[in-house]
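Notes follow once the structure below has been shown.
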Amino acid sequence: MRSTRLSLAVLTVAACLGAAPLAAQGSANWDVRPNSWYWGLYGGQTSFPTSIARTYAPVVGGEWTITRSRFALNVFAEQSYFNAVSTITDFPTSAPRRVDIKDLRRVGAAAFSFLPPYKYFHPYFGVGYAFNMIREATPQGSSFASAATRDTINARVESARAAGKIFGELGMMVSWKQWAPFVSYDIMPTKGNGNWFVNGEGFTNVLKVGFRYAFGPAVEEHW
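Heads up: the sequence shown begins at 0 in numbering that gives the first Met the number 0, then just goes up one per residue.
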């Protein structure tokens with residue numbers, strides 16, 4: 000976990016150092032790029048609770064953003080890397096059975112609303128929806144009461160791997176010519192969700208630090 004936090008700190012510092020020279024060189028040029036296609040890459044850290052413990056893991060992802068004067072649409076795909084333990088309800092005892100889980104993939108979209116800018120900085124907030132899938136899930140223990148019990152548990156494990164969730168996002172980007180370094184924070188409610196492996200108390204959090212690059216104007220000039 001120390002190495003993950005250290006990597007996250009390095010990414011944050013890199014983004015800030017990258018943004019400072021851009022701001023110093025001239026206007027943020029936001030007025031000439033409100034209608035652009037941005038492609039971006041980012042890294043960061045995700046934190047999520049299971050019924051056993053909270054896990055902290057590195058995350059990497061890519062995104063596509065369409066900006067307007069006051070709004071933006073963002074589509075993303077990311078993966079976090081970890082080995083953790085969660086639970087499902089056993090059969091037929093209804094007791095919790097531990098399950099080893101590995102890695103989380105998220106694909107989703109969000110709508111952003113830009114707040115009033117401050118010099119070169121453009122804060123925003125948004126709401127989105129993500130499809131979340133645990134990459135691997137394996138029930139602990141090799142003994143089952145019967146073949147039917149084994150099949151039922153395996154079916155429950157498979158069903159608990161994926162879930163769709165609404166999330167909120169708060170972020171800030173710096174715009175200079177085609178470049179837009181950004182920092183954002185996602186929060187996704189997961190408390191009390193017994194049908195998914197991310198089933199502990201609290202929220203799933205994702206902190207992202209990255210860069211966006213505008214490859215060209217969007218088709219629509221205005222919303």
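The C-beta atom is built at its ideal place from N, Cα and C for all residues, glycine as well.
### Task
Work out the CA separation of Phe181 and Ser112 for me, nearest whole Å.
For the purposes of this step, residue 112 is taken as residue 113 along the sequence shown, with counting starting at 1. For the purposes of this step, residue 181 is taken as residue 182 along the sequence shown, with counting starting at 1. Distance between the alpha carbons of Ser112 and Phe181: 15 Å.
### Task
Answer yes or no: do Ile65 and Trp36 have a C-beta to C-beta separation smaller than 8 Å?
On the sequence shown, position 66 is the one that residue 65 refers to. On the sequence shown, position 37 is the one that residue 36 refers to. For the pair Ile65 and Trp36, the CB atoms are nearer than the 8 Å cut-off.
### Message
Just verifying my parser: in three-state terms, what is the DSSP assignment at Thr49?
### Response
For the purposes of this step, residue 49 is taken as the residue at position 50 of the sequence shown. Here Thr49 sits in coil by DSSP.
### Query
Count the other CB atoms within 10 Å of the CB of Ala147; is the residue buried (16 or more) or exposed (fewer)?
For this step, residue 147 is matched to residue 148 along the sequence shown. Its Cβ having fewer than 16 others within 10 Å, Ala147 is exposed.
### Task
Tell me whether Thr105 sits in a helix, a strand or coil according to DSSP, three-state version.
Taking the first residue of the sequence shown as 1, we reach residue 105 at position 106. Note on identity: in this sequence residue 105 is Arg, with Thr being the wrong assignment. Residue state, collapsed to three classes: strand.
### Message
Taking 8 Å as the threshold (C-beta atoms), are Val205 and Thr45 in contact?
### Response
The sequence position of residue 45 within the sequence shown is 46, counting from 1. The sequence position of residue 205 within the sequence shown is 206, counting from 1. The answer is yes: Cβ separation under 8 Å.
### Message
Quick check on the burial criterion: 16 or more other C-beta atoms within 10 angstroms. Buried or exposed for Glu157?
### Response
Mapped onto the sequence shown, residue 157 falls at position 158. Flag for Glu157 reads exposed.
### Query
Excluding five sequence neighbours on each side, which residues of the same chain lie with their C-beta closer than 6 Å to the C-beta of Lys207?
One-based indexing of the sequence shown puts residue 207 at position 208. Here the set comprises Tyr41, Gly43, Ser183.
### Query
Quick one: what does DSSP say Ala154 is sitting in, helix, strand or coil?
Locating residue 154 in the sequence shown gives position 155, counting from the first residue. The three-state reading of DSSP puts Ala154 in helix, counting H, G and I together.
### Task
Note down the Cα distance separating Gly107 from Gly127, rounded to an integer number of angstroms.
As a working mapping, residue 107 is identified with position 108 in the sequence shown. As a working mapping, residue 127 is identified with position 128 in the sequence shown. Spanning the alpha carbons of Gly107 and Gly127 requires a straight line of approximately 7 Å.
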